[in-house]
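Everything below concerns the one structure shown next.
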Amino acid sequence: MAIVRNILALWSRQDRRAKRAYDHCVAVARAPAHYGPDRVADDVDGRFDMLVLHLFFMIRRARVAGAAGAGLVQALLDCFVRDMDNNLREMGAGDIGVAKRVKYMVHALNGQLHSYLTAADEGPAALRAVLARTMFADQPAADAAAGRLAAYAGRQMDALGAATDVDLAAGRARMHEADDAYRAAAGERPA
Numbered sequence: 001m002a003i004v005r006n007i008l009a010l011w012s013r014q015d016r017r018a019k020r021a022y023d024h025c026v027a028v029a030r031a032p033a034h035y036g037p038d039r040v041a042d043d044v045d046g047r048f049d050m051l052v053l054h055l056f057f058m059i060r061r062a063r064v065a066g067a068a069g070a071g072l073v074q075a076l077l078d079c080f081v082r083d084m085d086n087n088l089r090e091m092g093a094g095d096i097g098v099a100k101r102v103k104y105m106v107h108a109l110n111g112q113l114h115s116y117l118t119a120a121d122e123g124p125a126a127l128r129a130v131l132a133r134t135m136f137a138d139q140p141a142a143d144a145a146a147g148r149l150a151a152y153a154g155r156q157m158d159a160l161g162a163a164t165d166v167d168l169a170a171g172r173a174r175m176h177e178a179d180d181a182y183r184a185a186a187g188e189r190p191a
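Numbered according to our numbering, the sequence shown terminates at residue 191, and the numbering increases by one at each position without gaps.
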């Protein structure tokens, strides 16, 4: 019985840590600085894409943090699935509809994460191209908007790269506030 209790306590602790990191991704992804003219569309798809991008930042950092990071990656993905399930239910979707939509969202998440991870390994130009295709496909100023977002992404990846593995595993690794990261990416002083 003690073994089961210890396993549940460990899982619960990991879940709380991942939830802390996931909630931070959600909060930064929801910042108004991301949305508007010549920025990401302020709609369900745009907000989903921004959440995936911020999860990518956290997951990319966690992948280099050893065993603790691997556990965090899976726990973050579990948080994402639970969050999407809850959001769909709040919007009135039924059980069958929720399952289908969550499956689609997980498929989209996996595809975008793979694209971002590959592009980040190839360099800033590749990440900019993927962002232009993913976030700004229908916008006339897609290249400029993608460049701005790619510079922002670099700032956020740097912020998480400076976090310790201990802080990351505990869910305490932090990105910059969105406004500050955009200002710094543009060469301005953060407020």
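Note that beta-carbon positions come from the ideal geometry of N, C-alpha and C, so glycine has one too.
Query	Result
CB of D85 within 9 Å of CB of V102, strictly	yes
Continuous alpha helix (DSSP H) stretch holding H54: start and end	V44 to A62
Residues that Y116 bridges to, as DSSP identifies them	Y116 is not bridged to any residue.
Residues that Y152 bridges to, as DSSP identifies them	Y152 is not bridged to any residue.
Cut-off 6 Å between Cβ atoms - residues of its own chain near K19, not counting five sequence neighbours on either side	C79
Straight-line Cα distance separating Y182 from A151	8 Å
Cβ-Cβ separation, L168 to R61 (assumed contact under 8 Å), whole Å	6 Å
Three or more C-beta pairs below 8 Å linking the stretch 50-66 and the stretch 103-119	yes
Residue from G123, Q14, A119 and H54 with nearest C-alpha to G69	Q14
Cβ-Cβ distance between A75 and R17 below 9 Å	yes
Beta-bridge pairing of Y104 - partner residues as DSSP gives them	BP columns for Y104 are empty, so no partner.
Distance between E122 and L131 (C-alpha atoms, nearest Å)	14 Å
Nearest neighbour of M157, chosen from A186, L53 and Y35 [CA to CA]	L53
Test item: CB-CB of V28 and D83 under 9 Å	no
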